[in-house]
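Right, one structure below, let's go through it.
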């Protein structure tokens, strides 16, 4: 049975598609089967996957689907029977489609950038995950190494006792550069800091999947 991860955040531009693509490629690096489903109307993952196919067998193959609306539920139920991971990239503003993805998930990953707008938008996603009784974790994304924004975000998350992945993702150009090539950062710049961050996150998520969260 696939372990299903919904990457969700109500605010656009939070890094959902970048997180989904990089997580998929990092999880697939050891031969683990990984499937991606792109339900975001912007179709960032669809374009990324098209670029990825040009690399042929130089990178691990990822099963991929880009359904519209009502078709997502059937695809998820079919893919659920497969081994490995199924990663759902959700739309930022379509609550109905995001709700369907969250409902199907074994884990909801919520990327959170160090800005008030992202924190405000996050609450709607938290409410969806809570109402569907799905476990969730925040992933601090584009986090600066120091400064007031970082400290304020960490303080708020701690004060609200929100479940947080220990691993954080820095504000690194390598993520965007890899995405543009149809690659994960662990493939495009395997020795870089961004790749180390993503590998650590993928390893922790693999452990969560074994524990059933």
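In full-length UniProt numbering, the protein residues as written are 1 to 213. Positions of the beta carbon are idealized from the N, C-alpha and C atoms, including for glycine. Treat the numbers as computed from the prediction; the structure is a model and nothing was measured.
Taking residue i and residue j to be in contact with their CB atoms under 8 Å, please state how far apart those CB atoms are, rounded to whole angstroms.
i: residue 157; j: residue 149; result: In fact, because the Cβ distance is near 13 Å, the residues do not count as touching under 8 Å.
i: residue 187; j: residue 25; result: 6 Å
i: residue 182; j: residue 48; result: 6 Å
i: residue 180; j: residue 194; result: The pair is not a contact, with the Cβ atoms about 14 Å apart (cut-off 8 Å).
Tell me whether residue i is buried or exposed, calling it buried when 16 or more other Cβ atoms sit within 10 Å of its Cβ.
i: residue 104; result: buried
i: residue 39; result: buried
i: residue 1; result: exposed
i: residue 9; result: buried
i: residue 144; result: exposed
i: residue 96; result: exposed
Please indicate yes or no: does the CB of residue i lie closer than 7 Å to some heavy atom of the ligand ATP?
i: residue 41; result: No copy of the ligand ATP occurs in the structure displayed, which carries no ligand at all.
The beta strand (DSSP E) that contains residue i, what's its start and end?
i: residue 65; result: 63 to 65
i: residue 38; result: 34 to 38
Whole angstroms is fine: what's the gap from residue i's alpha carbon to residue j's?
i: residue 172; j: residue 142; result: 7 Å
i: residue 106; j: residue 14; result: 21 Å
i: residue 76; j: residue 98; result: 13 Å
i: residue 155; j: residue 37; result: 34 Å
Could you please give the first and the last residue of the uninterrupted alpha helix (DSSP H) stretch that includes residue i?
i: residue 158; result: 148 to 159
i: residue 24; result: 16 to 27
i: residue 123; result: 116 to 131
Would residue i count as contacting chain D if we go by Cβ distances under 8 Å?
i: residue 166; result: Note that chain D does not occur in the displayed structure, where there is just one protein chain.
**OP:** Flag this pair as touching only if the region 132 to 139 and the region 32 to 43 have three or more C-beta atom pairs under 8 Å; answer yes or no.
**Re:** With a cut-off of 8 Å, the region 32 to 43 and the region 132 to 139 do not count as touching, because too few Cβ pairs lie within range.
**OP:** Specify whether the region 104 to 114 and the region 52 to 61 touch according to this definition: at least 3 beta carbon pairs, one from each stretch, less than 8 Å apart.
**Re:** No: fewer than three Cβ pairs fall under 8 Å.
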